[in-house]
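Chains as they are written, first to last, in my numbering: chain A, 228 to 486; chain B, 986 to 1307. In this text, a Cβ means the ideal position worked out from N, Cα and C, and glycines have one as well. One structure is given below, encoded as structure tokens.
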């Protein structure tokens, strides 16, 4: 089974103070540490697990600048066979434009399955994967938590709200957006990264793809970003841990819970 | 006169709460715009809830067929495309749920109408829609507009708008059969499985002591479990802890886990993504401990402690005589 996995490099923002940049449309990124999008890490692991079971090739794709090749090398180290970076040039991207561009690249490849993450950790849109499926005319499912291929179909489980899982059968070729927790992504060592440096990593330019002006026109525009007010709502309990603990216990008892 | 569509989400014969939330917001928008509110039900024959929906809309278009009893994004997309292309509604609202995530982007590409997802508010300025969204898991807010279009698609975050009913509506119900020219479904529904059952039922606990990503290591779960036991509370958690298989799914609070209603909820190292906090709307008092003062959990908590969770856990244990 040949599998294509779409991945994205995103800034890690847990416990980081975000600062809005001059354009007021994004945050300053120069001091941020970049990582593979958490959902994509599960998607690439799932692709490698399927390949280990069924054979075939895994191709990792990203769109971005040269630094974004870091996530591709990571995918190669995890077991992907080859990687493609689509050089974004000076194109302004939103989910629609990304889906159009990536579709144009994937169209020329051989595959049975395309995997993406459910969403990206930066814009939290949850759009590119299913848009991509639609451009490519693929069957699709979102928020997938298990995949068991049987011939030209797979039994998949998708996560619904309220602890309910939906089981269904999907026909290949298909695109699945992968949810966190589907597997346990393997550790990537420095040694593994070094070995993966031998593997094929190709760069294609957006301008080589024969896309029209309309294909590259954003459908959504970020007008402005702003920071939410700090700790809005919560009454802050300050002090040393001992007095904080005392106050917490007082509140719990006040609310009618005996401890 | 313009129109707003709300796509009704239902499962196993029951309307999902997000539907009522969208109908409430759509009603408000319709009042401002003098638009009519149309609810779209795609479902099995004679779904009992259609009349309930009619009390919250100017009209209901119910597309009914046996094969539509369970949601299928391919069929829903094709049916909605036909309805949208015929009626040209200004806005079409869908839930930002698992099904909405599968349907809305496909519908957007299929119709060519732009989509904004996971919206927490919808504003109309000079006749154009704008949406408010969150990025970086709630650490940044954004205001987003669309390319110019006749129709716009929006998915709405669950739990943001009240599910309240506006009195005095009795919409007309228009029943339609399934279009004859639908393509063959590429996905077959097999069954629903309830993953929620387990040794403890967190939805019935009076005191929940909850852990999140900030716990860092599997071994540390035990430290907080001890505290929960000392307090007579029940241990719960947020999604990353279940993803890492450190606790079974039935401990998880949130949209894909359980909605809880304890008198007191204490969270340790939970940042507060909406998927988590949406499960807390029924909680009495929320006390959040997190070392990041900008963590979104503080926006829903009643009390907050900005400190290292292990220090607070240690101090609490000491006070309780451990």
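Classify residue 337 of chain A as helix, strand or coil using the three-state DSSP reduction.
-> coil
May I have the straight-line CA-CA distance separating residue 416 of chain A from residue 1237 of chain B, to the nearest angstrom?
-> 31 Å
Taking the alpha-carbon positions, what's the residue 1092 of chain B to residue 334 of chain A distance?
-> Linking residue 1092 of chain B to residue 334 of chain A through their CA atoms gives a straight-line distance of about 20 Å.
Which parts of the region 251-303 of chain A are runs of the alpha helix (DSSP H), unbroken and 4 residues or longer, counting only runs that do not cross its ends?
-> 265-281
If you measure from the beta carbon of residue 408 of chain A to each beta carbon in chain B, is any gap under 8 Å?
-> Yes, residue 408 of chain A counts as interfacial toward chain B.
Comparing the C-beta of residue 396 of chain A with each C-beta of chain C, is any distance below 8 Å?
-> No chain C appears in this structure, whose protein chains are A and B.
Alpha carbon to alpha carbon, what distance is there between residue 471 of chain A and residue 1000 of chain B?
-> 43 Å
Which residues, taken in chain order from the region 1111-1131 of chain B, show a beta carbon closer than 9 Å to some beta carbon of chain A?
-> 1115, 1116, 1118, 1119, 1120, 1121, 1122, 1123, 1124, 1125, 1126, 1127, 1128, 1129, 1130, 1131
Contact set between the region 441-463 of chain A and chain B, restricted to residues whose Cβ is under 7 Å from the partner | 444, 445, 446, 447, 448, 449, 450, 451, 452, 453, 454, 455, 457, 458, 459, 460, 461, 462, 463
Rounded C-alpha distance that separates residue 379 of chain A from residue 395 of chain A | 14 Å
Closer than 8 Å at the beta carbon, the chain B residues around residue 352 of chain A = 1102, 1103
Give a yes or no on whether the minimum CB-CB distance between residue 1283 of chain B and chain A is below 8 Å.
-> yes
Beta-carbon gap between residue 325 of chain A and residue 290 of chain A smaller than 8 Å | yes
Could you give the residue range of the alpha helix (DSSP H) that holds residue 1096 of chain B?
-> 1083-1096
Identify the continuous beta strand (DSSP E) that holds residue 454 of chain A and give its terminal residues.
-> Here residue 454 of chain A belongs to no beta strand (DSSP E), and DSSP marks it neither H nor E.
Would you say residue 1099 of chain B faces chain A, with C-beta separation under 8 Å as the test?
-> yes
How is the alpha helix (DSSP H) around residue 376 of chain A delimited, first residue to last?
-> Premise fails: residue 376 of chain A lies in the beta strand (DSSP E), 366-377, not in any alpha helix (DSSP H).
Roughly how far, in whole angstroms, is the beta-carbon of residue 343 of chain A from the beta-carbon of residue 310 of chain A, given that I think they are within contact range, below 8 Å?
-> Separation of the CB atoms of residue 343 of chain A and residue 310 of chain A is rounded to 15 Å, and the pair is thereby denied contact status at 8 Å.
Nonlocal neighbours in the same chain, by C-beta distance under 8 Å from residue 445 of chain A, ignoring five residues either side | 319, 320, 321, 323, 324
Under a CB-based cut-off of 8 Å, is residue 1153 of chain B close to chain A?
-> no
Can you have a look at residue 414 of chain A and say buried or exposed, based on whether 16 or more other CB atoms are within 10 angstroms of its CB?
-> exposed
Enclosing alpha helix (DSSP H) for residue 1295 of chain B [first to last residue] = 1294-1304
Please report how far the alpha carbon of residue 1246 of chain B lies from the alpha carbon of residue 1273 of chain B, in whole angstroms.
-> Counting only the Cα atoms, residue 1273 of chain B lies some 16 Å from residue 1246 of chain B.
Please name the residue, chosen from B/1028, B/1090, B/1158, that lies closest to residue 358 of chain A on a Cα-to-Cα basis.
-> Checking every option, the nearest Cα to that of residue 358 of chain A belongs to B/1090.
Mind checking who residue 488 of chain A pairs with in its DSSP beta bridge?
-> A query on residue 488 of chain A cannot be resolved here, the shown segment of chain A reaching from 228 to 486 and no further.
Mind checking the region 364-381 of chain A against chain B and listing, in chain order, the residues whose C-beta falls within less than 7 Å of any C-beta there?
-> 366, 367, 368, 369, 370
For residue 1298 of chain B and residue 1186 of chain B, the rounded distance between their alpha carbons = Between residue 1186 of chain B and residue 1298 of chain B, the C-alpha separation is close to 23 Å.
Could you check what DSSP says for residue 393 of chain A in three-state terms: helix, strand or coil?
-> strand
Please name the residue, chosen from A/404, A/350, A/338, that lies closest to residue 372 of chain A on a Cα-to-Cα basis.
-> A/404
Provide the residue(s) that pair with residue 1237 of chain B in DSSP beta bridges, ordered along the chain.
-> DSSP, once it has assigned bridges, lists B/1222 as partnering residue 1237 of chain B.
Using 8 Å as the threshold, is the region 398-412 of chain A in touch with the region 1184-1200 of chain B, meaning 3 or more CB pairs across them?
-> no
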